[in-house]
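Some notes on the structure that comes next.
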Amino acid sequence: MQELSVRHLLGIKDITPQDIQLIFETADNFKDVLNRPIKKVPSLRDITIANVFFENSTRTRLSFELAEKRLSADTINFSSSGSSVKKGETLLDTVNNILAMKVDMIVMRHSSPGAPHFLSKHIPANIVNAGDGTHEHPTQALLDSFSIRERLGEVAGKRVVIIGDILHSRVALSNIFALQKQGAEVMVCGPITLLPKYIQQLGVKVETDVRKALEWCDVANVLRIQLERQQMKYFPSLREYTLYYGIDKKMLDSLNKEIVLMHPGPINRGVELSSDAADSHHSIILNQVENGVAIRMAVLYLLAQRG
Ligand code: NCD
Numbered sequence: 000m001q002e003l004s005v006r007h008l009l010g011i012k013d014i015t016p017q018d019i020q021l022i023f024e025t026a027d028n029f030k031d032v033l034n035r036p037i038k039k040v041p042s043l044r045d046i047t048i049a050n051v052f053f054e055n056s057t058r059t060r061l062s063f064e065l066a067e068k069r070l071s072a073d074t075i076n077f078s079s080s081g082s083s084v085k086k087g088e089t090l091l092d093t094v095n096n097i098l099a100m101k102v103d104m105i106v107m108r109h110s111s112p113g114a115p116h117f118l119s120k121h122i123p124a125n126i127v128n129a130g131d132g133t134h135e136h137p138t139q140a141l142l143d144s145f146s147i148r149e150r151l152g153e154v155a156g157k158r159v160v161i162i163g164d165i166l167h168s169r170v171a172l173s174n175i176f177a178l179q180k181q182g183a184e185v186m187v188c189g190p191i192t193l194l195p196k197y198i199q200q201l202g203v204k205v206e207t208d209v210r211k212a213l214e215w216c217d218v219a220n221v222l223r224i225q226l227e228r229q230q231m232k233y234f235p236s237l238r239e240y241t242l243y244y245g246i247d248k249k250m251l252d253s254l255n256k257e258i259v260l261m262h263p264g265p266i267n268r269g270v271e272l273s274s275d276a277a278d279s280h281h282s283i284i285l286n287q288v289e290n291g292v293a294i295r296m297a298v299l300y301l302l303a304q305r306g
């Protein structure tokens with residue numbers, strides 16, 4: 000049987016193109032399960048998983064929890080608000096106390112880049128990074144590529160532009176690694192202040208004109224402005240951002256071709272995307288959410304095989 004090359008899913012940077020293919024083939028099977036009347040398999044019946052969230056989340060937390068339940072795992076949920084973290088407990092103590100209750104796997108979101116990597120060096124459980132600050136969000140990138148593969152047949156050779164707040168986005172970095180490992184061409188587009196200084200060194204194209212970016216691409220993955228991570232002003236106002244970088248249906252219809260529109264959520268409607276664009280036939284935003292469950296089932300299942 001094929002196995003992942005890693006015991007933890009900390010980032011796309013650490014996994015191989017073969018790992019990505021294995022996750023996709025496994026997710027194909029789980030997607031079939033999810034379309035059956037009984038959407039559940041006994042695969043992780045003897046596994047206990049803790050979802051440990053130190054940062055806000057809607058989609059990612061619900062999607063992991065549903066994936067775990069569909070695999071028949073036992074689950075517990077922890078969120079830092081209302082916990083003893085507020086009483087001064089360290090990350091390692093919090094997680095070791097959870098593990099003392101005989102937990103096999105930890106799904107963690109944390110505001111500090113590297114937090115799951117740190118944990119992986121100190122605890123025996125498998126760890127899945129559900130977003131570490133501005134660093135990586137590997138399952139989001141996997142479900143994004145899986146959704147491109149589903150809509151366009153393959154990821155290799157496709158032109159994908161990631162538009163918006165690249166500087167503060169973990170979705171952007173994980174997507175860049177994932178798309179490049181599968182042979183796609185990647186461009187980033189946004190105001191120059193929201194593009195990291197050394198981004199070109201990752202081998203991506205850089206564009207500041209959103210119309211040119213849309214004319215170039217097959218797929219546009221549009222990101223939210225991460226205001227909660229911005230300590231200074233990176234652009235004059237949200238209104239101005241929308242004027243220069245907002246995408247609406249009129250703009251999409253004026254292109255000489257069909258492009259696929261994606262967004263990891265949460266959308267700020269009327270800022271980066273107008274409602275008529277987000278809800279148009281170009282959009283696969285809800286397919287991304289649907290695929291998230293199958294992808295997370297595949298990741299948890301394959302990591303459990305590694306033990
Ligand atoms: C993203 C995240 O939390 O990184 N959302 C998600 O997981 N679907 C993107 C965001 O918050 O803008």
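Per numbering that gives the first Met the number 0: the sequence shown = residues 0 to 306.
Backbone N, C-alpha and C define an ideal beta-carbon position, used for all residues, glycine too.
Practice task
Select from 142, 183, 242 and 12 the residue whose C-alpha is nearest the C-alpha of residue 157.
Solution key: Nearest to residue 157 by alpha-carbon distance, out of 142, 183, 242 and 12, is 183.
Practice task
Measure the C-alpha to C-alpha separation of residue 301 and residue 64 and round it to an integer number of angstroms.
Solution key: Taking the straight line from one Cα to the other gives about 16 angstroms.
Exercise for the section: Given a cut-off of 9 angstroms, decide if residue 299 and residue 66 are closer than it, judged by their beta-carbon atoms. Expected result: Cβ distance < 9 angstroms, so residue 66 and residue 299 count as in contact.
Problem - Sequence-distant residues of the same chain with beta carbon closer than 6 angstroms to residue 268, five excluded per side - result: Closer than 6 angstroms at the Cβ level, and outside the excluded window around residue 268, lie 274.
Practice task
Express the C-alpha separation of residue 207 and residue 193 in angstroms, rounding to a whole number.
Solution key: Straight-line Cα distance between these residues: approximately 10 angstroms.
Exercise for the section: Name the residue from 228, 213 and 292 whose alpha carbon lies nearest to the alpha carbon of residue 59. Expected result: It is 292.
Practice task
Rounded to whole angstroms, what's the CA-CA distance from residue 246 to residue 202? Just pull it up for me.
Solution key: Taking the straight line from one Cα to the other gives about 25 angstroms.
Exercise for the section: Taking the CB atoms as reference points, tell me whether residue 51 and residue 69 lie closer together than 9 angstroms. Expected result: Against a cut-off of 9 angstroms, the Cβ pair of residue 69 and residue 51 comes out as no contact.
Problem - Cross-strand partners of residue 272 (DSSP beta bridge) - result: DSSP lists 246 and 268 as partners of residue 272.
Practice task
Figure out for me which residue from 119, 74, 73 and 72 has the closest Cα to the Cα of residue 91.
Solution key: Of the listed residues, the one whose Cα sits closest to residue 91 is 119.
Exercise for the section: Please check the pair residue 263 and residue 159, which I expect to be a contact at CB under 8 angstroms, by giving their CB distance rounded to whole angstroms. Expected result: Not quite, the Cβ-Cβ distance comes to about 13 angstroms (not below 8 angstroms), so this is no contact.
Handout entry: residue 62 versus 136, 305 and 295, residue with shortest Cα-Cα distance
Key = Cα-wise, what sits closest to residue 62 is 295.
Exercise for the section: Taking 8 angstroms as the threshold, find out whether the region 136 to 149 comes into contact with the region 174 to 188 through three or more Cβ pairs. Expected result: The region 136 to 149 makes contact with the region 174 to 188, as at least three CB pairs between them are under 8 angstroms.
Exercise for the section: For residue 170, name the three-state secondary structure that DSSP assigns. Expected result: Helix at residue 170.
Handout entry: Limits of the beta strand (DSSP E) - the one that residue 128 falls within
Key = It spans 125 to 131 - the beta strand (DSSP E) in which residue 128 sits, taken as one unbroken run.
Handout entry: Meets three-Cβ-pair contact criterion under 8 angstroms: the region 113 to 129 and the region 0 to 19
Key = In short, these stretches touch, since the Cβ pair count reaches three.
Practice task
May I ask you to report which of helix, strand or coil DSSP gives residue 183?
Solution key: Coil at residue 183, not helix or strand.
Practice task
Report the three-state DSSP secondary structure of residue 92 (helix, strand or coil).
Solution key: DSSP places residue 92 in helix when its eight states are reduced to three.
Handout entry: Closest residue to residue 289 among 239, 143, 204 and 179 (Cα-Cα distance)
Key = Checking every option, the nearest Cα to that of residue 289 belongs to 143.
Problem - Neighbour-count burial assignment, residue 125, 16 or more Cβ in a 10 Å radius - result: Answer is buried; the Cβ neighbour count reaches 16.
Exercise for the section: Would you list the residues sitting across from residue 77 in a DSSP beta bridge? Expected result: As a beta-bridge residue in DSSP terms, residue 77 pairs with 51.
Practice task
Check whether the region 248 to 265 touches the region 214 to 221, taking contact to mean three or more Cβ pairs, one atom from each stretch, closer than 8 angstroms.
Solution key: The answer is yes - the region 214 to 221 touches the region 248 to 265, with three or more Cβ pairs under 8 angstroms.
Practice task
Work out the CA separation of residue 74 and residue 131 for me, nearest whole Å.
Solution key: Cα to Cα, the separation comes out at about 21 angstroms.
Problem - Candidates 133, 105, 135 and 128, of which the one nearest residue 122 by Cα - result: Relative to the Cα of residue 122, the nearest Cα in the group 133, 105, 135 and 128 belongs to 105.
Problem - According to DSSP, residues forming a beta bridge with residue 158 - result: 184, per the DSSP bridge assignment.
Exercise for the section: State yes or no: is the C-beta of residue 170 nearer than 8 angstroms to some heavy atom of the ligand NCD? Expected result: Indeed, a heavy atom of the ligand NCD lies less than 8 angstroms from the Cβ.
Practice task
Compute the Euclidean distance between the alpha carbons of residue 101 and residue 47, then round it to the nearest angstrom.
Solution key: Inter-residue distance for residue 101 and residue 47 is about 7 angstroms (C-alpha atoms, whole angstroms).
Practice task
Confirm, please, whether the CB-CB distance from residue 306 to residue 244 is below 9 angstroms.
Solution key: Their beta carbons are not under 9 angstroms apart, which means residue 244 does not touch residue 306 by this criterion.
Exercise for the section: Assign residue 18 to one of two classes, buried (16 or more other C-beta atoms within 10 Å of its C-beta) or exposed (fewer than that). Expected result: Buried is the call here.
Exercise for the section: Please say whether residue 154 and residue 147 have beta carbons closer to each other than 9 angstroms? Expected result: Cβ atoms of residue 147 and residue 154: closer than 9 angstroms.
Exercise for the section: Tell me, please, which residues DSSP counts as bridged to residue 105. Expected result: Looking at the DSSP assignment, residue 105 forms a beta bridge with 49 and 126.
Exercise for the section: Just the C-alpha distance for residue 210 and residue 256, rounded to the nearest angstrom, thanks. Expected result: Cα to Cα, the separation comes out at about 13 angstroms.
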